[in-house]
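Take a look at the structure below.
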Amino acid sequence: MVRDELYKNGIGMTSQRTRERLLERLFEEGIRNLHVLEAIRRTPRHLFVDEALAHRAYEDTALPIGHNQTLSQPYIVARMTELLLGGGPLDKVMEVGTGSGYQTAILAQVVERIFSVERIYPLQERAKAVLKDINIRNVVFRHADGNWGWPQYGPYDAILVTAAPAEVPKELLSQLADGGRMVIPVGEQDQHLMLVVRNGDEFIYQQVEPVRFVPLLAGAIRS
């Protein structure tokens, strides 16, 4: 029990001091939103990866989480969250790709409500358990093909997508509220992070920076 508590709170390479060094790196790389930085400081990233990889959790690098998926590097998590918040406070946000739940955890601390969709059931179940363990309570989950979003609860003030389609799915655009923002990686071989802002029936696209994400695939996987 003592070991479990030490692991959860962080020791050695997962300590609070190690997290502070990560924040310094993110600030040097251009992350300026203090709410985002504070969320990253508070969040135990090592709980979202296998224990064998915990010592690498506060490196600014992507890490494997199984099922051919990855935990995005902290800079990308911070950058996408910061871009999403660029239009002001957010109430209802859809996340496409729960993954490990780490991006969900950061987002949950800076917005009111999250509707998170994931196609790989075991990943989402593990993410739900970790988020519950760290007392994240403002997220609801759906196991489904993320290309279709979650229209039942739309439109959304913002949409964040953590896998790359060849082009932005029209179904997701239709679920974005007027004035809403979508942050999404787009492309196959050459991917770029895109910011999409809805203005009535018009969508304004801004290419942000090169990225590397797993592809946004169709279908849902149960096991």
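Position 117 of the sequence shown, counting from 1, maps to 117 under the UniProt record's numbering, and the rest follow consecutively.
Quick reminder that beta carbons are idealized off the backbone N, C-alpha and C, glycines included.
Euclidean distance between Cα positions of Val130 and Leu193: As a first step, residue 130 must be located in the sequence shown, where it is residue number 130. As a first step, residue 193 must be located in the sequence shown, where it is residue number 193. Those two C-alpha atoms are separated by around 27 Å.
CB of Leu160 within 8 Å of CB of Leu195, strictly: Along the sequence shown, read from residue 1 onward, the residue named residue 160 stands at position 160. Along the sequence shown, read from residue 1 onward, the residue named residue 195 stands at position 195. No, the pair does not count as a contact, with Cβ atoms beyond the cut-off.
Boundaries (first-last residue) of the beta strand (DSSP E) holding Arg19: Taking the first residue of the sequence shown as position 1, residue 19 is located at position 19. Element bounds for Arg19: not the beta strand (DSSP E) but the alpha helix (DSSP H), Gln16 to Glu28.
Whole-Å CB distance - Ala158 paired with Leu84, under 8 Å assumed: The residue labelled residue 158 in the question sits at position 158 within the sequence shown. The residue labelled residue 84 in the question sits at position 84 within the sequence shown. Going by Cβ atoms, the distance from Ala158 to Leu84 rounds to 5 Å, so yes, they are a contact pair.
Beta carbon of Ile76 nearer than 8 Å to that of Val197: The residue given as residue 76 occupies position 76 in the sequence shown. The residue given as residue 197 occupies position 197 in the sequence shown. Contact flag unset, no.
CA nearest to the CA of Ile204, picked from Val168, Pro215 and Pro64: Position 204 of the sequence shown, counted from the first residue, corresponds to residue 204. Nearest C-alpha to Ile204 among Val168, Pro215 and Pro64: Val168.
Asp91 beta carbon less than 8 Å from that of Arg119: Position 119 of the sequence shown, counted from the first residue, corresponds to residue 119. Position 91 of the sequence shown, counted from the first residue, corresponds to residue 91. Not closer than 8 Å, so no.
Reduced DSSP category for Glu82 - H, G, I as helix; E, B as strand; rest coil: As a first step, residue 82 is located in the sequence shown; it is residue number 82 there, counting from the start. DSSP places Glu82 in helix when its eight states are reduced to three.
Buried/exposed call for Val140, threshold 16 Cβ in 10 Å: Taking the first residue of the sequence shown as 1, we reach residue 140 at position 140. So Val140 ends up on the exposed side.
Other residues of its chain near Gln175: CB distance less than 8 Å, five sequence neighbours each side excluded: Along the sequence shown, read from residue 1 onward, the residue named residue 175 stands at position 175. So the qualifying residues of the chain are Met94, Gly149, Trp150, Pro151, Gly154, Pro155, Tyr156 and Ile159.
Leu131: first and last residue of the uninterrupted alpha helix (DSSP H) it sits in: Against the sequence shown, residue 131 aligns to sequence position 131. Leu131 -> alpha helix (DSSP H) spans Tyr121 to Asp133.
Those runs of the beta strand (DSSP E) which lie wholly inside the region 150-178 and span at least 3 residues: 156-161
Cα-Cα separation, Ala218 to Asn147: On the sequence shown, position 218 is the one that residue 218 refers to. On the sequence shown, position 147 is the one that residue 147 refers to. Using only the alpha carbons, I get a separation of about 7 Å.
Close-in-space but distant-in-sequence residues of the same chain around Arg220 (CB under 7 Å, 5 per side omitted): Position 220 of the sequence shown, counted from the start, is the residue given in the question as residue 220. Residue identity differs from the one stated: residue 220 is Ala in this sequence, not Arg. Within the same chain, Ala220 has close Cβ partners Arg119, His143, Ala144 and Asp145.
For Asn207, the nearest candidate out of Gly99, Val186 and Gly97 (CA to CA): Position 207 of the sequence shown, counting from 1, holds the residue named residue 207. It should be pointed out that residue 207 corresponds to Gln in this sequence rather than to Asn. Among Gly99, Val186 and Gly97, the Cα nearest to that of Gln207 belongs to Val186.
Phe213 classed as buried or exposed, judged by whether at least 16 other C-beta atoms fall within 10 angstroms: As a position in the sequence shown, residue 213 is number 213, starting the count at 1. Classification for Phe213: buried.
Option in Gly180, Asp50, Gln103 and Ile184 with minimal Cα separation from residue 268: Because residue 268 is not part of the residues shown, which for the chain are 1 to 223, the question remains open.
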